[in-house]
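Heads up, the sequence shown is in the numbering used here, so the first residue is -6 and it goes up one at a time. Glycine included, each C-beta is placed from N, C-alpha and C at the ideal position. Just below is one structure, and these are the notes that go with it.
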Amino acid sequence: MFSSGNITEKLRIASFNCSGETVVDLYAGIGYLTLHYLVHAGASFVHACEQNPHAVNALRRNLELNGAAQRCQVHQGDNRQLSLCDVADRVNLGLIPSSEEGWPTACRLLKRETGGVLHIHQYVSSHPQKPNPALLLQNLCLQEVSDPSSPAWKATRESDTADSRESAPGLDRRAVKADWQAWSKAAACRIAALLLEIQGQPWRTHILHIEHVKAYAPHVDHIVLDLDCRPICVVMGTCLYVLETKVDISN
Ligand SMILES: C[S@@+](CC[C@H](N)C(=O)[O-])C[C@H]1O[C@@H](n2cnc3c(N)ncnc32)[C@H](O)[C@@H]1O
């Protein structure tokens, strides 16, 4: 279960401040993320769900070794059968290529009165376009683009090579990010609809952050969507958002 490429996500969780929070890790594995919530982020309690019995054994051992077993309940089995609801300030959905099968469970787990944050892992395919020469010609003088000392030439090179983690050389990174955003917006809408259906009241979902974990394959990226989900109080036809008491995520 070790993936060195996931280290940034583990460190990111370690940097969260989850004091006072109940977290549900729906796909706990041997506890890489569960342990970071407990040991570094200071979560009050974690419910760790895992269906693989070998992983569960290792998870229990890791909790003991890290002195965190008292603050963690392990739920062995398929998390879709979990009877818990209305407990979570935060739900981690660390299943790839997609955790979509766990979205209804996550919606049921969020605290009904105050809501919480979902961390949704997903592999997203991108279809970045090579720079279109016709468009380039429209916007820039060809002579300028072919002159390495010109700002226009520099601009095209920067868009070609910016952050190789996010796009292959020669491809437009902004187009890749647009794909992540499009997926995230669709996920936010889907989850708002699920929350309405499952919780029986309207909720507002809001994209807090999209984290790039790693490039999984050419044009396929592992991202995590941090989605803030809050119930909306409807008072005489007016929508009031429940105040977000704590949003502690960088960017
Ligand atoms: C990709 S691993 C990730 C584990 C952990 N999040 C990590 O980063 O190390 C996904 C884990 O989810 C477990 N899993 C998949 N579907 C599940 C389900 N429906 N209920 C409970 N566990 C499940 C698998 O057994 C596996 O251990």
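- Within the model, the alpha-carbon separation for Val39 versus Val80 is close to 10 Å.
- A distance criterion of 7 Å places the beta-carbon of Cys42 in contact range of ligand 1, judged by its closest non-hydrogen atom.
- In this structure the segment 48 to 59 does not touch the segment 101 to 120; the number of beta carbon pairs closer than 8 Å is below three.
- Between Asn85 and Val16 the beta-carbon gap is near 7 Å, inside 8 Å, which marks them as a contact.
- In this chain, the beta strand (DSSP E) harbouring Ala208 covers Trp196 to Ala210.
- When rounded, the separation of the alpha-carbon atoms in Ser37 and Leu52 is 18 Å.
- Here Ala41 is bridged, per DSSP, to Asp18 and Val67.
- Within the same chain, and ignoring the five residues on either side of Arg64 in sequence, the residues whose Cβ sits closer than 8 Å to its Cβ are Leu31, Ala36, Ser37, Phe38 and Val39.
- The residue from Ile6, Ala48 and Asp172 with its alpha-carbon nearest to that of Arg83 is Ile6.
- Set against 7 Å, the gap from the CB of Asn45 to the closest heavy atom of ligand 1 is smaller.
- In this structure, DSSP gives Ser8 a helical state, which the three-state scheme calls helix.
- C-alpha of Ala99 to C-alpha of Pro224: approximately 14 Å in a straight line.
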